[in-house]
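J.: First to last, the protein sequences are chains A and B.
Take the first sequence: its letters are residues -8 to 109, numbered as in this note's numbering.
Take the second sequence: its letters are residues 2 to 227, numbered as in this note's numbering.
My structure is below; once you've seen it, I'll send some questions.
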Amino acid sequence: MHELSLSSAIIATAEKHAAGRRVALVTLRVGALRQVVPETLEFYFGFVARGTACEGARLEQEVVDARLRCTPCGTEWDIEVPAFRCPTCGGADVAVASGNEFEVESIEIEEAACIAPR
Amino acid sequence: MHRTKVTVVEEALDANNTIASANRLDFDRAAVKVINFMGAPGAGKTTLLERVVTSLPGLAVGVLEGDVQGSMDADRLASLHVPVTQINTAAGFGGECHLDANMVRSAIPSLPLEDIDLLVVENVGNLVCPAEFRIGEDARVMVSAVTEGEDKPLKYPLMFRACELVLVNKIDLLPHLDFDLERLLYNIDQVHPDVERIVVSGRTGEGIDAWRDWLLRIAAREPVAA
């Protein structure tokens, strides 16, 4: 259900960079740890985009796998279930190497073709 | 028409975090510590507040109540003569399921920051969305009731990882439930190793002293800029 608010955040970010121009495509990187349901995000995005620069824009989502790193022993591993203890040393000082992303990577904007005077 | 690609690479929640930092500055200036208090609907958040808000020695507490609708929780706390401010998220788009930094920002002018030392923000009952949105808090606390099942940390890791204290509530009900407390504590440890946890009962008062001590410890903490 957070997909609704997340959609608004994506659109606000895209609009800021579009500077008044129409957005045709938004590319988003979403970490697996964000608990985002892609289909739900897409649905809300289309809905919230109405009346904004993103109206009708496509949302492309790239899922980033969750990967952890044990700070003391340096072990890195992918996680599929949420287990945040190091499998090598059993330590709890574990950092998320990837999987927390929720970033707008790029946007494509539509511009009228430039008609330069000859 | 032609298309131009613009590289952005920006956290979509940066805008929220910027407002959260501004809130934090305001709270720090007023020397008010802020707890973001979260948990599922019915986990016992309001009861666990009722248990402590008037019995923290030397600490004046205020509460900011976030609810989709209504003021039942706020009324319960106000009857204890604690200053309570209500935010109803239903005024927003479709009734938000969480508080964000901007909603808290808009409530700041109506908070008695000069008169309190600790502000507890009772978030909307929900185990997903509130974990995503910082509001300018010093610490995040969640309530997980034993009636919710041992698997909840594995299902809602974002929330369990976001908190620095987990209150395991309703332990007075354990004799009546097929609930494995050790299993829950193990699962919490899987998702957020070494996170502080206090086993409590809002009904009998068991563990409430430890919860009170934890709040006193947070209130005494040096401010760290968000």
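Backbone N, C-alpha and C fix where the C-beta goes; we use that ideal spot for every residue, glycine too.
Once the 5 residues before and after Glu(-6)(A) are set aside, which same chain residues still bring their CB inside 6 Å of it?
T.: Counting from 1 along the first sequence, the entry for residue -6(A) is found at position 3. Correct list, in chain order: Thr31, Leu32 and Tyr35.
J.: With distances taken from CA atoms, which of Gly81(A), Ile70(A) and Cys45(A) is nearest Arg12(A)?
T.: Taking the first residue of the first sequence as 1, we reach residue 12(A) at position 21. It is Cys45(A).
J.: Where Leu178(B) and Leu128(B) are concerned, what is the direct C-alpha to C-alpha distance, given to the nearest angstrom?
T.: What you label residue 178(B) is simply residue 177 of the second sequence in a count that begins at 1. What you label residue 128(B) is simply residue 127 of the second sequence in a count that begins at 1. Cα to Cα, Leu178(B) sits roughly 22 Å from Leu128(B).
J.: Taking Cβ-Cβ distances shorter than 7 Å, what residues in chain B pair up with Ser97(A)?
T.: Within the first sequence, numbered from 1, the residue matching residue 97(A) stands at position 106. Within chain B, the residues near Ser97(A) are Lys6, Val7, Thr8 and Val9.
J.: Is it buried or exposed for Ala102(B), if we count other Cβ within 10 angstroms and need 16 for buried?
T.: Taking the first residue of the second sequence as position 1, residue 102(B) is located at position 101. Counting Cβ neighbours within 10 Å, Ala102(B) comes out buried, since at least 16 surround it.
J.: What does the alpha-carbon distance come out to for the pair Asn24(B) and Pro176(B)?
T.: In the second sequence, residue 24(B) corresponds to position 23, counting from 1. In the second sequence, residue 176(B) corresponds to position 175, counting from 1. Approximately 44 Å, taken between the alpha carbons.
J.: Any Cβ of chain B within less than 9 Å of the Cβ of Ala9(A)?
T.: Locating residue 9(A) in the first sequence gives position 18, counting from the first residue. Chain B, which has a Cβ nearer than 9 Å to the Cβ of Ala9(A), makes this yes.
J.: With a threshold of 9 Å between beta-carbons, can Asn17(B) be considered close to chain A, or not?
T.: Taking the second sequence and counting its residues from 1, one reaches residue 17(B) at position 16. Closer than 9 Å to some Cβ of chain A, the Cβ of Asn17(B) qualifies, so yes.
J.: Use the C-beta contact count for Glu92(A): other C-beta atoms within 10 angstroms, 16 or more gives buried, fewer gives exposed.
T.: Residue numbering aside, residue 92(A) sits at position 101 when the first sequence is read from its first letter. Buried, by the Cβ-count rule.
J.: Tell me which residues share the same chain as Glu149(B) and place their Cβ nearer than 8 Å to its Cβ, disregarding the 5 neighbours each side in the sequence.
T.: Here residue 149(B) refers to the residue found at position 148 of the second sequence. Only Ala41 and Ala44 meet the Cβ criterion.
J.: So Val105(B) is in the alpha helix (DSSP H); what residue range does that whole segment cover?
T.: Here the question's residue 105(B) lines up with position 104 in the second sequence. Start and end: Ala102 to Ala108.
J.: Name the chain A residues that come within less than 7 Å of Met143(B), Cβ to Cβ?
T.: Reading the second sequence from its first residue, position 142 is the one you call residue 143(B). Near Met143(B) there are no residues of chain A at all, since even the closest Cβ is about 15 Å away, more than 7 Å.
J.: Pairing CB atoms from the region 71 to 87 of chain B with CB atoms from the region 14 to 33 of chain B, are three or more of them under 8 Å?
T.: No, because fewer than three Cβ pairs between the region 71 to 87 of chain B and the region 14 to 33 of chain B fall closer than 8 Å, the two stretches do not touch.
J.: CB-CB under 8 Å to Leu60(B), same chain, minus the five flanking residues each way: which ones, in chain order?
T.: Translated into the one-based positions of the second sequence, residue 60(B) becomes position 59. The answer, listed in chain order, is Asp118, Leu119, Leu216, Leu217 and Ala220.
J.: Less than 9 Å between the C-beta atoms of Asp116(B) and Ile88(B), yes or no?
T.: If you number the second sequence from 1, residue 116(B) lands on position 115. If you number the second sequence from 1, residue 88(B) lands on position 87. Not closer than 9 Å, so no.
J.: From what residue to what residue does the alpha helix (DSSP H) around Val39(A) run?
T.: The residue given as residue 39(A) occupies position 48 in the first sequence. First-last of the alpha helix (DSSP H) with Val39(A): Pro29 to Val39.
J.: With a floor of 4 residues, list each alpha helix (DSSP H) that falls wholly inside the region 39 to 102 of chain B, ordered by position along the chain.
T.: With a minimum length of 4 residues, the continuous alpha helix (DSSP H) runs that stay inside the region 39 to 102 of chain B are 46 to 51 and 73 to 79.
J.: Check His251(B) in the structure and name its three-state DSSP category.
T.: In the structure as shown, chain B begins at 2 and stops at 227. Residue 251(B) is therefore absent and cannot be evaluated.
J.: I think Lys171(B) touches Ala211(B), with their Cβ atoms under 8 Å apart; what is that distance to the nearest whole Å?
T.: Indexing the second sequence from 1 puts residue 171(B) at position 170. Indexing the second sequence from 1 puts residue 211(B) at position 210. Not really, about 16 Å apart at Cβ, beyond 8 Å.
J.: Is the Cβ of His99(B) closer than 9 Å to any Cβ of chain A?
T.: Translated into positions along the second sequence, residue 99(B) becomes position 98. Yes, His99(B) counts as interfacial toward chain A.
J.: How long is the line joining the alpha carbons of Gly123(B) and Val55(A), rounded to whole angstroms?
T.: What you label residue 123(B) is simply residue 122 of the second sequence in a count that begins at 1. What you label residue 55(A) is simply residue 64 of the first sequence in a count that begins at 1. In the sequence on display, residue 123(B) carries Glu and not Gly. One C-alpha to the other measures close to 32 Å.
J.: Could you tell me which of Lys153(B), Ile109(B), Arg184(B) and Phe38(B) sits nearest to Val125(B), measuring between CA atoms?
T.: Position 124 of the second sequence holds residue 125(B). Closest by alpha carbon: Phe38(B).
J.: Could you check where the beta strand (DSSP E) with Gln52(A) kicks off and where it finishes?
T.: One-based indexing of the first sequence puts residue 52(A) at position 61. Element bounds for Gln52(A): Arg49 to Val55.
J.: Please find out if some non-hydrogen atom of the ligand NAP comes closer than 8 Å to the beta-carbon of Arg218(B).
T.: In the structure shown, the ligand NAP is absent, as is every other ligand, since no ligand is present at all.
J.: Please decide whether Cys130(B) counts as near chain A, where near means a Cβ-Cβ distance under 9 Å.
T.: Mapped onto the second sequence, residue 130(B) falls at position 129. Taking Cβ atoms only, chain A reaches closer than 9 Å to Cys130(B), which makes this a yes.
J.: Against chain A, does Asp173(B) count as a neighbour if the rule is that its beta carbon must be under 9 Å from one of theirs?
T.: As a first step, residue 173(B) is located in the second sequence; it is residue number 172 there, counting from the start. Chain A, which has no Cβ nearer than 9 Å to the Cβ of Asp173(B), makes this no.
J.: Chain B partners of Val54(A), CB-CB under 7 Å?
T.: Here residue 54(A) is taken as the residue at index 63 of the first sequence, counted from 1. Under the 7 Å cutoff, chain B gives no residues; its nearest Cβ is about 15 Å from Val54(A).
J.: So, Val83(B) versus Val105(B), is the Cβ gap smaller than 9 Å?
T.: One-based indexing of the second sequence puts residue 83(B) at position 82. One-based indexing of the second sequence puts residue 105(B) at position 104. No, Cβ-Cβ distance for Val83(B) and Val105(B) is not below 9 Å.
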